[in-house]
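Novice:
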Amino acid sequence: MGGKRMKIAIDGPAGAGKSTVARRLARELNFTYVDTGAMYRALTLKVLQQGIDLNDSSLLQQMAETTDIHFETQSDGQVIISDGVDVTSLIRSPRVGEAVSIVSAHPGVRKVMVKLQQAMARSCSVVMDGRDIGEYVIPDADYKFFLTASIEERAQRRVREMEMRGYRADLDAVREEIIKRDQIDSQRPVGALRILPDHIMLDTSKMTEDEVLHTIKMKIRGA
Ligand code: DC
Numbered sequence: 001m002g003g004k005r006m007k008i009a010i011d012g013p014a015g016a017g018k019s020t021v022a023r024r025l026a027r028e029l030n031f032t033y034v035d036t037g038a039m040y041r042a043l044t045l046k047v048l049q050q051g052i053d054l055n056d057s058s059l060l061q062q063m064a065e066t067t068d069i070h071f072e073t074q075s076d077g078q079v080i081i082s083d084g085v086d087v088t089s090l091i092r093s094p095r096v097g098e099a100v101s102i103v104s105a106h107p108g109v110r111k112v113m114v115k116l117q118q119a120m121a122r123s124c125s126v127v128m129d130g131r132d133i134g135e136y137v138i139p140d141a142d143y144k145f146f147l148t149a150s151i152e153e154r155a156q157r158r159v160r161e162m163e164m165r166g167y168r169a170d171l172d173a174v175r176e177e178i179i180k181r182d183q184i185d186s187q188r189p190v191g192a193l194r195i196l197p198d199h200i201m202l203d204t205s206k207m208t209e210d211e212v213l214h215t216i217k218m219k220i221r222g223a
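Under this note's numbering, the first residue of the sequence shown carries the number 1, and numbering increases by one thereafter.
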């Protein structure tokens, strides 16, 4: 690619299939995968561990500024490190899942995270997934994709994912949580989930992961 850094943004709601596809796409292109949701989750984990009030904006921003959150690639894949500790599994707990919408809605927290994410996008070619990537983090992305799926499909995927990680999950409860989370994520004042004119839309409800990946690769190649 002649030294030019490529940036690919993948936005969409929880359970649309972003992370699996983004991870696989990054591996195939030899780009760095940046799971921005994992960054908000890592901060949320620390906030919960320290028993901090989820509504204390200035303290949360201060924590975001002073927490060292970064990704490392290990032989079995990518892990997320928070203040020197591998929190890859811990950040997927239902407790973190519930609190992360509140923590990530604080504009001060987002400012810090967006800056970190932009620094990553400057240092290497990235596939970055999240909610506000195309709009705020890398508005100059080479490609912007917006993945969606029906609520029912997203809830079923979330349940499967949680069970695979060893958590028990109730479909009705997960569906409710997704609806609630969508509302919070799309209504917050800064960094809301929004479809942009330059987003390439993909409804993944009836697609396999392979099909989604293939479709994205075709778009990138201009086919
Ligand atoms: O993708 P995920 O479920 O791991 O994201 C966790 C939470 O973080 C979700 O509530 C939305 C929020 N998030 C965000 O506000 N901005 C991003 N770029 C990525 C995630």
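Think of the CB as a built atom: it goes at the ideal place given N, C-alpha and C, for glycine as much as any other residue.
Give me, in chain order, the residues of the same chain whose beta-carbon lies closer than 6 angstroms to that of E201; leave out the 5 immediate sequence neighbours on both sides.
Specialist: The question names Glu, yet the displayed sequence has Met at residue 201. These residues qualify, in order along the chain: F146.
Novice: Fully enclosed by the segment 21-71, which alpha helix (DSSP H) runs are 4 residues long or longer?
Specialist: Those alpha helix (DSSP H) runs which fall completely within the segment 21-71 and span 4+ residues are 36-49, 57-66.
Novice: For P13, count the other beta carbons within 10 Å of its own beta carbon; 16 or more makes it buried, fewer makes it exposed. Which is it?
Specialist: Burial call: buried.
Novice: Using DSSP with H/G/I as helix, E/B as strand and the rest coil, what is T208?
Specialist: Coil at T208, not helix or strand.
Novice: For M128, list the residues DSSP reports as bridge partners.
Specialist: DSSP output for M128 lists A9, V34 as bridge partner(s).
Novice: Under the three-state reduction of DSSP, which class applies to G77: helix, strand or coil?
Specialist: Three-state DSSP puts G77 in a strand.
Novice: What's the gap between the Cα of E135 and the Cα of G191?
Specialist: The alpha-carbon atoms of E135 and G191 are separated by roughly 8 angstroms.
Novice: With a cut-off of 8 angstroms, do at least 3 Cβ pairs link the segment 121-133 to the segment 30-39?
Specialist: Contact between the segment 121-133 and the segment 30-39 is present, because at least three Cβ pairs lie under 8 angstroms.
Novice: Thinking just about the alpha-carbon of each residue, which of T204, R92, Q74 is nearest to the one in L43?
Specialist: Selected option, being the one with the closest Cα: R92.
Novice: Using a Cβ-Cβ cut-off of 8 angstroms (strictly less than) and excluding sequence neighbours within five positions of V212, which residues of its own chain qualify?
Specialist: Excluding sequence neighbours, V212 sits near G17, V21, L147, L202, T204.
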